[in-house]
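Everything on this sheet refers to the single structure shown next.
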Amino acid sequence: MQSGLSENDFGWGSPTFHKMGREKINLIGLFTDMGVDLLLSDVDTVWLRNPVPYILQFPEADVLTSSDHLSPTVRDESLERWPNAGSAANIGIMFFRASTAGARQLAKDWSKALEKDPHYWDQNAFNDLFRRGPHTPGKSNLFRAFDGKINLGIFPVSIFASGHTFFVQRVADGLGLQPFVVHATFQFSGTPGKRHRFRENLMWLDPPEYFDRPGGFLTFDMHIPPDLLSGAKPSPSSMSPKGTVGHFRLAHHQIQQIRNAFALGLLLDRAVVIPQLWCGLDRWWAPHAGTIPGSDFRLPFPCPLDHVLDLEQMVRPVPHLGRPLEWREHSFLQNPRLPAEVNNSRVSIEICENEDASCSGGTSPAAIHSGTIRLRSGLRDKEISTALEPVKGARIVHFKDLTGNAFGGFANHVDGDKFEERTKVYTSLWCCSRAHPGHIWYDMWFDKVPHKDRHNRQWESQWMPKTGP
Numbered sequence: 001m002q003s004g005l006s007e008n009d010f011g012w013g014s015p016t017f018h019k020m021g022r023e024k025i026n027l028i029g030l031f032t033d034m035g036v037d038l039l040l041s042d043v044d045t046v047w048l049r050n051p052v053p054y055i056l057q058f059p060e061a062d063v064l065t066s067s068d069h070l071s072p073t074v075r076d077e078s079l080e081r082w083p084n085a086g087s088a089a090n091i092g093i094m095f096f097r098a099s100t101a102g103a104r105q106l107a108k109d110w111s112k113a114l115e116k117d118p119h120y121w122d123q124n125a126f127n128d129l130f131r132r133g134p135h136t137p138g139k140s141n142l143f144r145a146f147d148g149k150i151n152l153g154i155f156p157v158s159i160f161a162s163g164h165t166f167f168v169q170r171v172a173d174g175l176g177l178q179p180f181v182v183h184a185t186f187q188f189s190g191t192p193g194k195r196h197r198f199r200e201n202l203m204w205l206d207p208p209e210y211f212d213r214p215g216g217f218l219t220f221d222m223h224i225p226p227d228l229l230s231g232a233k234p235s236p237s238s239m240s241p242k243g244t245v246g247h248f249r250l251a252h253h254q255i256q257q258i259r260n261a262f263a264l265g266l267l268l269d270r271a272v273v274i275p276q277l278w279c280g281l282d283r284w285w286a287p288h289a290g291t292i293p294g295s296d297f298r299l300p301f302p303c304p305l306d307h308v309l310d311l312e313q314m315v316r317p318v319p320h321l322g323r324p325l326e327w328r329e330h331s332f333l334q335n336p337r338l339p340a341e342v343n344n345s346r347v348s349i350e351i352c353e354n355e356d357a358s359c360s361g362g363t364s365p366a367a368i369h370s371g372t373i374r375l376r377s378g379l380r381d382k383e384i385s386t387a388l389e390p391v392k393g394a395r396i397v398h399f400k401d402l403t404g405n406a407f408g409g410f411a412n413h414v415d416g417d418k419f420e421e422r423t424k425v426y427t428s429l430w431c432c433s434r435a436h437p438g439h440i441w442y443d444m445w446f447d448k449v450p451h452k453d454r455h456n457r458q459w460e461s462q463w464m465p466k467t468g469p
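At position 465 of the sequence shown the residue is numbered 465 (full-length UniProt numbering), and the sequence of numbers has no breaks.
Now the structure itself:
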């Protein structure tokens, strides 16, 4: 193309991102003028079915577009109903029919609008253009748009799915439909977040070494008391910071187990398989009452990892703080590409509630009985390393419980300080309460008193939701 664009991650909203958008619109105009029908797709998509037969069902459509609408207005594979599905069109997935003058004119006017204003977002420009003039309904949920010059249709949000309708609401599953495409929108943690969403749903093609790394893997059971789940919903009619307490109790209970797993993973040189998380509140960019306005699903819900953890921070190397932390998605063990010899090579670790002679204290290598090692609670890093010498050959070490004092800390306070420094930036934020600012950061070390969080705020008492900074 000779566009002069970087081949690196553009970064949403960056000057390079906007330049890329303008190049795309210019190409639409170029190819439609050449008589080429276009099906356009952003790169952060996974296509699951061939969409061409579907598009051919609508020969009168000049332009088809995906949408950020969060609830389906149809329960089958029909186009969405306009104006019921009146949310912003998402230009990540579009079809342009080159044989119609209206579609070609829309492409030209779109390009001209962007040339006039370097800060005009290409998606906003498209929405402004197609909404001009009266909208007259037509066949198959098509409608006249762009001053009556085109027949426009909205792809069904269930099967041309956004990151919310697919990853969070599971709309297609609820309707018994098979998606054509999934677009990683409504997500957090940038490109690492998109990649992890696809991995969680077995949609990402990783190389063989991803499934059989030196050192192996660490798995664990996530324990969530029923009362934490039932108490995680928002307080009725209140989304003040106080109304988020139940959600943060649920999230932090899981974060504490993940923190123990990270410590053990680094100690044993194993990649941590992070279980499915549960959240009491959805995450958005504006105040809401637990779910994004326009969406429809039950709370609490199984939430993507990027709702709680900052995956961009987790992939950044910190050589002065130790070896890189590796982790895997909750569906890792269900991936058909995981070799059977890895999946079947396991040792379980049980943390003893009451000490007895069968529980290793870490003074010598522990004995394996029926595929299980029993450890005393509260053991420190050196003791755990000694006790688990016999499991080095196992590809998977599974901890049955990592709550509370399953990991007793580091014998050397320097190692402990390094671990705290690196992990305190691994948690993300929740947004938003009806306050200013409205976001609240999760805290990897919420249960340590005193401590400083990732923003260097000093906590001298029990952690409670605090907005900002």
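The beta-carbon is built from N, C-alpha and C at its ideal position, and this holds for glycine as well.
{"Check": "Are there 16 or more other CB atoms within 10 angstroms of the CB of Arg395, so buried, or fewer, so exposed?", "Outcome": "buried"}
{"Check": "Measure the alpha-carbon distance for Cys431 versus Gly393 and round it to whole angstroms.", "Outcome": "43 Å"}
{"Check": "Can you look up Val74 in the DSSP assignment and give me helix, strand or coil?", "Outcome": "coil"}
{"Check": "Could you check what DSSP says for Arg457 in three-state terms: helix, strand or coil?", "Outcome": "coil"}
{"Check": "Report yes if the C-beta distance between Glu312 and Ser235 is below 7 Å; otherwise report no.", "Outcome": "no"}
{"Check": "Once you ignore the five residues that flank Phe248 on each side, which residues in its own chain have a CB closer than 6 Å to its CB?", "Outcome": "Pro465"}
{"Check": "Quick test of your reading: Arg374 and Glu389, contact by CB under 8 Å. State the CB separation rounded to the nearest angstrom.", "Outcome": "The pair is not a contact, with the Cβ atoms about 15 Å apart (cut-off 8 Å)."}
{"Check": "How long is the line joining the alpha carbons of Arg104 and Trp121, rounded to whole angstroms?", "Outcome": "20 Å"}
{"Check": "Hey, how far is the Cα of Gly280 from the Cα of Gln187?", "Outcome": "17 Å"}
{"Check": "Cβ atoms of Pro179 and Gly48: under 7 Å apart, would you say?", "Outcome": "Checking the sequence shown, residue 48 turns out to be Leu, not Gly. Yes; because the gap between Cβ atoms is below 7 Å, this pair is in contact."}
{"Check": "With H, G and I counted as helix, E and B as strand and the rest as coil, what does DSSP make of Phe217?", "Outcome": "strand"}
{"Check": "Let me make sure I understand the geometry here. Which of Asn84, Leu142, Gly35, Leu202 has the alpha-carbon closest to that of Glu329?", "Outcome": "Leu202"}
{"Check": "Relative to the C-alpha of Arg131, which candidate in Thr185, Gly294, Pro83 has its C-alpha closest?", "Outcome": "Pro83"}
{"Check": "Taking only three categories from DSSP, how would you classify Pro137?", "Outcome": "strand"}
{"Check": "With a CB to CB cut of under 6 Å and the five nearest residues on each side skipped, what residues in its chain are close to Glu460?", "Outcome": "Pro450"}
{"Check": "Let me know the beta strand (DSSP E) ranges lying completely inside the region 79 to 108, each 3 residues or longer, listed in chain order.", "Outcome": "89 to 96"}
{"Check": "To the nearest angstrom, how far is the alpha carbon of Ile154 from that of Ile93?", "Outcome": "10 Å"}
{"Check": "For Asp453, which residues of its own chain have a beta-carbon under 6 Å away from its beta-carbon, when the five flanking residues on both sides are left out?", "Outcome": "Asp443"}
{"Check": "Near Ser158, which residues of its chain fall below 6 Å by C-beta distance, leaving aside the five closest residues on each side in sequence?", "Outcome": "Pro72, Val171, Ala172, Leu175, Leu177"}
{"Check": "What are the partner residues of Phe301, as DSSP defines its beta bridges?", "Outcome": "Cys279"}
{"Check": "Assuming residue 488 is part of the beta strand (DSSP E), what are its boundary residues?", "Outcome": "Nothing can be reported for residue 488: it is not among the residues displayed for the chain, which extend from 1 to 469."}
{"Check": "Would you mind stating whether Asp68 and Thr100 have Cβ atoms separated by less than 7 Å?", "Outcome": "no"}
{"Check": "Considering only the alpha carbon of each residue, which of Gly133, Gly378, Lys400 lies closest to Phe410?", "Outcome": "Gly378"}
{"Check": "Using DSSP bridges, identify the partner residues of Ser41.", "Outcome": "Ile93"}
{"Check": "Would you tell me roughly how many angstroms separate the C-alpha atoms of Val342 and Asp212, rounded to the nearest one?", "Outcome": "7 Å"}
{"Check": "Between the beta-carbon of Gly290 and the beta-carbon of Leu277, is there less than 7 Å?", "Outcome": "no"}
{"Check": "Between the C-alpha atoms of Asn354 and Val425, what's the straight-line distance to the nearest angstrom?", "Outcome": "34 Å"}
{"Check": "Taking the CB atoms as reference points, tell me whether Leu250 and Leu228 lie closer together than 7 Å.", "Outcome": "yes"}
{"Check": "Can you have a look at Trp285 and say buried or exposed, based on whether 16 or more other CB atoms are within 10 angstroms of its CB?", "Outcome": "exposed"}
{"Check": "Run through DSSP, which three-state label would Leu250 get?", "Outcome": "helix"}
{"Check": "Under the assumption that Ser428 contacts Asp310 (Cβ atoms under 8 Å), give the Cβ distance between them as a whole number of angstroms.", "Outcome": "4 Å"}
{"Check": "Out of Ala161, Ser162, Asn127, point me to the one whose CA is closest to Ala145's CA.", "Outcome": "Asn127"}
{"Check": "With a cut-off of 8 Å on the beta carbons, I'd call Ser87 and Gly294 a contact; round off their distance for me.", "Outcome": "7 Å"}
{"Check": "In the DSSP assignment, what are the bridge partners of Trp441?", "Outcome": "Leu429"}
{"Check": "Pick out the complete alpha helix (DSSP H) segments inside the region 347 to 397, 4 residues or longer, and give them in chain order.", "Outcome": "381 to 387"}
{"Check": "Note down, in chain order, each residue of its chain lying with its Cβ closer than 8 Å to the Cβ of Ser240, except the 5 sequence neighbours on either side.", "Outcome": "Ser433, Arg434, Ala435"}
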